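Visitor: Under our numbering, residue 124 is the last one in the sequence shown; the count climbs by one each step, no gaps.
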Amino acid sequence: MTQDATTYIYVCRTCRPEGFAGPDEDRPGARFSHALVERTRTRMLNGRVVVKGVDCLSVCKRPCTAAVVGTAKFAYVIGDLEASEHVDDLIDFALLYADSEDGITKWRDRPEVVRKHTVARVPPFGHMLGPVVEP
Ligand code: FES
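1. What ranges does the beta strand (DSSP E) occupy inside the segment 45 to 104, keeping only unbroken runs of at least 3 residues that lie completely in it?
2. Between LEU25 and the ligand FES, is there a pair consisting of the residue's CB and a ligand heavy atom that are separated by less than 6 Å?
3. Going by the beta-carbon positions, is the gap between ILE67 and HIS23 smaller than 7 Å?
4. What residues does the ligand FES have around it, judged by CB closer than 5 Å to any heavy atom, in chain order?
5. What is the DSSP secondary structure of VAL111, counted as helix, strand or coil?
6. Do ALA87 and ARG16 come within 7 Å of each other at the CB atom, strictly closer than that value?
7. Using only the alpha-carbon positions, how far apart do ARG28 and ALA(-6) sit?
8. I'd like the list of long-range same chain contacts for ALA56, defined as Cβ closer than 7 Å, with 5 residues on each side in sequence excluded.
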């Protein structure tokens, strides 16, 4: 069985700043999601990076948020993303991630927004860095 080599960007469509009262389609998360999809089309990524929308990544206090995920790779959750500034940064990071073996990329090669606003790096299922922690 072959592994899925696609890198997925799961972007929160429902992110909004505190107090935002506009319609759902105007939420910053919705706008960021659309901008991301449009940009992946114009950059012609040949399916290497695919954008999927999700409703909440539980990082609601740091809108907008997205997760970069690949099979058998560490996953990154990134916050504080702005549609006007970070669409290409996130795609650039996803491409860097796609080229990595395990999802761990060199810190200095990551776009600044990823270096400064990564919320979590989550190991892939079954990953073992060391012994199981005993109580
Ligand atoms: S609403 Fe976007 S992370 Fe919760």
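From the three backbone atoms N, C-alpha and C, an ideal C-beta is built for every residue, glycine too.
These numbers were taken from a predicted model, which means no experiment stands behind them.
Guide: According to the structure data:
1. Counting only runs of 3 or more, we get 55 to 59 and 64 to 67.
2. To locate residue 25, count along the sequence shown from 1; it is residue 36. Remark: the shortest separation between the CB of LEU25 and any heavy atom of the ligand FES does not fall under 6 Å.
3. Position 78 of the sequence shown holds residue 67. Position 34 of the sequence shown holds residue 23. Contact flag unset, no.
4. Look at which beta carbons fall closer than 5 Å to any heavy atom of the ligand FES; those residues are CYS1, THR3, CYS4, CYS45, LEU46, VAL48, CYS49 and THR54.
5. To locate residue 111, count along the sequence shown from 1; it is residue 122. Collapsing the DSSP output to three states places VAL111 in a strand.
6. In the sequence shown, residue 16 corresponds to position 27, counting from 1. In the sequence shown, residue 87 corresponds to position 98, counting from 1. Going by C-beta atoms, ARG16 is not nearer than 7 Å to ALA87.
7. Locating residue 28 in the sequence shown gives position 39, where the first residue counts as 1. Locating residue -6 in the sequence shown gives position 5, where the first residue counts as 1. Taking the straight line from one Cα to the other gives about 20 Å.
8. The count along the sequence shown starts at 1 and reaches residue 56 at position 67. Here the set comprises TYR(-1), LEU46, ALA64, TYR65 and VAL66.
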